[in-house]
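J.:
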Amino acid sequence: MQSLWMIAASFLFACMGVCVKLSAETHSAVEITFYRSFISLLLMFALVRLRGVSLKTPHWRWQITRGLVGFTALFSYFYAITLLPLATAVTLNYTSAIFLALYLALSGLRLRGGMLGALGIGLVGVALLLKPTFHADQLAGGLVGLFSGVMAGMAYFSVRQLGARGESETRTVFYFSLVATVCAAVWLAFGEIHPVDGRSGLLLLGVASFATAAQLAMTRAFSRGKTLMSAALAYSTVIFSSLFGMLIWGEVLGAAAWAAIGLIVLSGIAATHFSRASPVEQD
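Next comes the structure, spelled out in structure tokens:
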């Protein structure tokens, strides 16, 4: 049953990607980031009130840092979706597991041979996936997608550090939404804001709603299921995104791209396995 929660989360994340790509026809990536963050902020504030969670935190520097890094990762991801085939953008963002392992190593976690192998496989996959962008005028999009993975890995590392310091997950998500909303609002104050009509309003609402529902399903899968199994099933987002890309935009990935995606997925699963803190956590 917990595996089904992870598959549901992956499907919902793919639906969010579709809404982002469709919203990009009328709105910029930073506008989409703002609406996604603002709606999430309202939902999280209601949840904080409902659960009676205090918003006071002694770790506000970490919360602000996590918010800034998370905003950068989110904006980069949305921007990459507007430039690349949906499955490619999703895969590059999912390199976050690889970079999280690197950050953990830099923080003092000893890298085992299996981890080094996983990182090597991941880097080969990234190189193969980025190679076609040199010939399709998508190099900028590929680098932005990879950068979103770098920043997402850093965001997950910050969340891990906050959790180790006893911070509530609800409080952390609230502050992330708050910081991301403020950053996007400041950016929009000096940029162009496009009007929201019925169609774009539904799409923007879809971005936030699918993202929130996916987060809840993913949290349940990781909290009640096997960590490694959930991490592996999370990559089904790539499959759902590929199907949506083919059905809606006629995007077709070649054999080399699928081979690269397979290497990145394998690397991410292995990195998740080898980066766990203690043997007790192993499934």
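Under the working numbering, residues 10 to 292 are what the sequence shown spells out, in order.
Just so it is clear, CB atoms sit at the ideal spot from N, CA and C, and this is done for glycine as well.
Classify His203 as buried or exposed, calling it buried when 16 or more other Cβ atoms lie within 10 Å of its own Cβ.
T.: Exposed is the call here.
J.: State the Cα-Cα distance for the pair Asp292 and Ile278, rounded to the nearest angstrom.
T.: Because the pLDDT of Asp292 is 35, which lies under 50, any placement of that residue in the model is unreliable, and the question is left without a value.
J.: Got a sec? Which residues, its chain only, sit under 6 Å from Trp71 by beta carbon, not counting five neighbours each side?
T.: Same-chain partners within the cutoff: Leu171.
J.: According to DSSP, is Lys65 part of a helix, a strand, or is it coil?
T.: It is coil, neither helix nor strand.
J.: Run through DSSP, which three-state label would Val261 get?
T.: If DSSP states are grouped into helix, strand and coil, Val261 belongs with coil.
J.: Which residues in the same chain have their Cβ closer than 8 Å to the Cβ of Gly117, if we skip the five residues on either side of it in sequence?
T.: For Gly117, where only same-chain residues beyond five positions count, there are no Cβ hits under 8 Å.
J.: Does DSSP classify Thr35 as helix, strand or coil?
T.: Note: Thr35 maps to coil in three-state DSSP.
J.: So what does DSSP say about Phe87, is it helix, strand or coil?
T.: Residue state, collapsed to three classes: helix.
J.: Excluding sequence positions up to five away, which residues of its chain have a Cβ less than 8 Å from the Cβ of Leu272?
T.: Excluding residues within five positions, the ones whose Cβ falls inside 8 Å are Ile130, Gly131, Val133, Gly134, Leu137.
J.: Hey, Thr221 and Leu52: beta-carbon distance below 9 Å or not?
T.: Contact: yes.
J.: Roughly how many angstroms lie between the CA atoms of Leu95 and Leu59, to the nearest whole one?
T.: Approximately 36 Å, taken between the alpha carbons.
J.: Need the endpoints of the alpha helix (DSSP H) that Arg169 sits in, please.
T.: It spans 148 to 173 - the alpha helix (DSSP H) in which Arg169 sits, taken as one unbroken run.
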